[in-house]
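Asks: What follows is a single structure, and I will ask about it in a moment.
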Amino acid sequence: MGTAVSDRSYYGRAVLKEPVWTPEVALYFWLGGLAGISALLGFGARLVGNHRLARSSILASFVALLGCPPLLVADLGRPGRFYNMLRVFKPTSPMSVGSWVLTGFGGAIGAAALSELSETLLPAGPPAALRWLRALGRPAELVAATLGLPLATYTAVLISDTSVPVWHEARHHLPFVFAGSAAA
1 MGTAVSDRSY YGRAVLKEPV WTPEVALYFW LGGLAGISAL LGFGARLVGN
51 HRLARSSILA SFVALLGCPP LLVADLGRPG RFYNMLRVFK PTSPMSVGSW
101 VLTGFGGAIG AAALSELSET LLPAGPPAAL RWLRALGRPA ELVAATLGLP
151 LATYTAVLIS DTSVPVWHEA RHHLPFVFAG SAAA
């Protein structure tokens with residue numbers, strides 16, 4: 001006749017596979033939140049005329065961002081996985097959206113930080129070949145501020161998209177928690 005069917009059941013097995021969270025993930029969450037919110041706060045400071053706070057926030061944002069790509073690659077296991085996220089934009093994937101936000105934010109905050117540093121290091125004005133750098137500074141700050149909040153909160157969407165029920169149930173609240181935590 002036929003072969004015997006083994007009686008397989010989930011009894012005695014863990015319902016969930018525990019996610020693996022290494023220290024790199026927590027540090028990435030913290031640095032990404034710090035970088036994103038600092039850019040947003042720096043832009044707000046610039047709008048109200050507090051240029052000293054704006055400068056400090058932009059530079060702090062840039063320094064915090066420097067740690068994000070290596071930490072993300074360390075979590076993914078190899079650089080190719082990060083580049084694969086950039087190959088195709090998938091709006092339904094928090095990891096894909098986050099990779100694109102991180103990349104765009106990095107370019108914008110890098111340009112804004114270079115502009116700030118050029119004003120400090122070259123107070124008499126940059127050589128003619130570098131004048132474009134100062135002109136690029138304010139628009140770059142606007143782009144960084146626009147991408148700052150998504151950078152600070154996409155990780156909340158990422159963890160709520162896992163199989164951990166408590167994180168999934170909090171999916172509507174976690175982005176606010178992450179933004180508030182980053183701003184604190």
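Using our numbering, you'd call the opening residue of the sequence shown number 1 and step up by one each time.
The C-beta atom is built at its ideal place from N, Cα and C for all residues, glycine as well.
Given the structure is predicted, the values throughout are model-derived calculations rather than measurements.
#1: To the nearest angstrom, how far is the alpha carbon of A144 from that of K90?
#2: Could you check which residue in G80, A108, L65, W167 has the C-alpha nearest to that of A140?
#3: Between the alpha carbons of P70 and V48, how many angstroms are there, rounded?
#4: Would you mind stating whether G32 and C68 have Cβ atoms separated by less than 8 Å?
#5: Report back the beta-carbon spacing between V101 and P23 to the nearest angstrom; my notes put them in contact at under 8 Å.
#6: Comparing C-alpha positions only, which one of L147, E119, L142, G148 sits nearest to R134?
#7: Assuming the contact rule is C-beta atoms closer than 8 Å, G148 and I37 should be a hit. Round their C-beta distance to whole Å, please.
#8: Given that a residue counts as buried once 16 or more other Cβ atoms are within 10 Å of its Cβ, and exposed if not, what is G80?
#9: With distances taken Cα to Cα, identify the nearest neighbour of H173 among A183, A182, V164, A156.
Replies: Result, derived from the coordinates:
#1: Position 144 of the sequence shown, counting from 1, holds the residue named residue 144. Position 90 of the sequence shown, counting from 1, holds the residue named residue 90. Looking at the two C-alpha atoms, the distance is approximately 21 Å.
#2: Within the sequence shown, the letter at position 140 stands for residue 140. Cα-wise, what sits closest to A140 is A108.
#3: Against the sequence shown, residue 70 aligns to sequence position 70. Against the sequence shown, residue 48 aligns to sequence position 48. One C-alpha to the other measures close to 34 Å.
#4: Counted from its first residue, the sequence shown places residue 32 at position 32. Counted from its first residue, the sequence shown places residue 68 at position 68. It is a contact, given that the beta carbons lie within the stated cut-off.
#5: On the sequence shown, position 101 is the one that residue 101 refers to. On the sequence shown, position 23 is the one that residue 23 refers to. Not really, about 23 Å apart at Cβ, beyond 8 Å.
#6: Within the sequence shown, residue 134 is the residue found at index 134, counting from 1. The residue with the shortest Cα to Cα distance from R134 is E119.
#7: Residue 148 sits at position 148 when you count from the first residue of the sequence shown. Residue 37 sits at position 37 when you count from the first residue of the sequence shown. Between I37 and G148 the Cβ distance is about 6 Å, and since that is below 8 Å, they are a contact.
#8: To locate residue 80, count along the sequence shown from 1; it is residue 80. G80 is exposed by the Cβ-count criterion.
#9: For the purposes of this step, residue 173 is identified with residue 173 of the sequence shown, where counting begins at 1. Answer by Cα proximity: A156.
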